[in-house]
Amino acid sequence: MKLIYGLLLLICVTLRLRTIRGDVFTSVPRMEELYQREGRFLESLHASIEYQQTKLDMLVQQYRKIMAQRAEEGSMEVHLGHPVNGFTLIKRLSRDWPFIVNIMADNHEMSPTLVDEVE
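Take the sequence shown: its letters are residues -22 to -1, 1 to 97, numbered as in mature numbering (1 follows the signal peptide of the UniProt record, and there is no 0).
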């Protein structure tokens, strides 16, 4: 009786080892597929990082431009006393700020020329 149980155990172990080896061979192509998929994820992440960095560079550029203009203006009373300066403020609020808000809201499609300007 012990011999039968021993043979049965040996057969089960042998069959189990063959199944494990078969799983290894079938899982390698799946792992390669996952590795390639991760590579595509990394490419997508890199493109997203570059896109976000370009947006950030554009925002920094706009910030510096507006801050430089405001630094030149001096006091509010003196600056707004001249009609041309009032026009500049209105232009900034109607043109520059909607552009900035669109960039921040991610509604902005960057054309290649805009990307080239930032670089």
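Quick reminder that beta carbons are idealized off the backbone N, C-alpha and C, glycines included.
All of these numbers come straight from a predicted model, not from anything done at the bench.
Here the C-alpha atom of Met36 lies approximately 21 Å from the C-alpha atom of Thr66. When only Cα atoms are considered, His60 and Lys69 end up about 15 Å apart. A straight-line Cα-Cα distance of about 14 Å links Ala46 and Asp74. For the options Ser72, Gln30, Arg18, Ile44, the alpha carbon positioned closest to that of Asp84 is the one of Gln30. In the structure shown, the three-state DSSP call for Asp74 is helix.
For Gly59, there is no enclosing alpha helix (DSSP H), since its DSSP letter is neither H nor E. In this structure, the CA atom of His24 is about 34 Å from the CA atom of Leu71. Nearest neighbour of Ile81 by Cα position, chosen from Met9, Val38, Gly64, turns out to be Val38.
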